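So this note's numbering is basically just the index in the sequence shown, starting at one, shifted up by 620.
Since the structure comes first, as structure tokens, the remarks are kept for the end.
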Amino acid sequence: PDLLDFVKVPYLARTYACSYCKKSKPYSWKAEYSLSEFRNVLQEGRDTLLHDIFDVKIGLKDKGGVVQNVIAKTKKQQHTFSGKEMYKLFREIKSYSFSVKKTSEKVMLIGKGYGHHIGLCQWGAYELVEKGWNYEKILQFYYPGTTFMQLEKS
Numbered sequence: 621p622d623l624l625d626f627v628k629v630p631y632l633a634r635t636y637a638c639s640y641c642k643k644s645k646p647y648s649w650k651a652e653y654s655l656s657e658f659r660n661v662l663q664e665g666r667d668t669l670l671h672d673i674f675d676v677k678i679g680l681k682d683k684g685g686v687v688q689n690v691i692a693k694t695k696k697q698q699h700t701f702s703g704k705e706m707y708k709l710f711r712e713i714k715s716y717s718f719s720v721k722k723t724s725e726k727v728m729l730i731g732k733g734y735g736h737h738i739g740l741c742q743w744g745a746y747e748l749v750e751k752g753w754n755y756e757k758i759l760q761f762y763y764p765g766t767t768f769m770q771l772e773k774s
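The following block contains the structure:
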């Protein structure tokens, strides 16, 4: 999500999260790491040492709750990781919608949803069908501002 050009694809710029998928099994998730495990994963592909991380927090989320960046602070520096980087580095992250909690021993990533939070949520769409929404209303929810039309039959 942090690399999309919403000017070119405005139909993907949803400013709200899907909460209709809350009943699905993969909706809530948690990944827990020892502080050293967390540092080692963040260290991958970086030249600067991150051995003395003392704070980790979400730097920025967009209006839909998608993590734009995570900040890891050491005694000397602040390191910023995009939401996409975090998603790639930590296999246990299930979506771009998560929070970070750090204790003296652990770092916990606590999230909701199962996907990238852009476009259609399959679990949410299923629930909306169960609620009686038609396909046009569902697609309008996930792709706001779009116009539906019939294409020519060939």
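In this text, a Cβ means the ideal position worked out from N, Cα and C, and glycines have one as well.
The structure presented is a predicted model; accordingly, all values stated were derived computationally and were not measured.
Cβ-heavy atom distance, residue i to the ligand ADP, below 7 Å
i	result
C741	With respect to the ligand ADP, the structure shown offers nothing to examine, as it has no ligands at all.
Endpoints, beta strand (DSSP E) assigned at residue i
i	result
N689	V687 to K693
A651	S648 to S654
L680	D675 to K681
Run of the alpha helix (DSSP H) containing residue i, from where it starts to where it stops
i	result
F761	Y755 to Y762
M706	G703 to L709
F749	Just to set this straight, residue 749 is Val in the shown sequence, not Phe. Start and end: Q742 to E750.
Under 8 Å between C-beta atoms of residue i and residue j
i	j	result
H699	L729	no
R659	I673	yes
Y647	G733	yes
P764	R666	no
V727	L655	yes
E712	A637	no
W753	S644	no
S675	K693	Note on residue identity: the sequence assigns Asp, not Ser, to residue 675. Their beta carbons are under 8 Å apart, which means D675 touches K693 by this criterion.
C741	Y755	no
F701	L759	no
Y631	T723	no
G739	W649	no
Beta-bridge pairing of residue i - partner residues as DSSP gives them
i	result
T635	In the DSSP output, where bridge partners are listed per residue, T635 has none listed.
S724	Paired residue(s): none; S724 is not in a bridge.
I730	K650 and S719
H699	A692
G735	S715
Touching by the beta-carbon criterion (3+ pairs, under 8 Å), the segment 683 to 701 and the segment 710 to 725: yes
Three or more C-beta pairs below 8 Å linking the segment 703 to 713 and the segment 741 to 748: no
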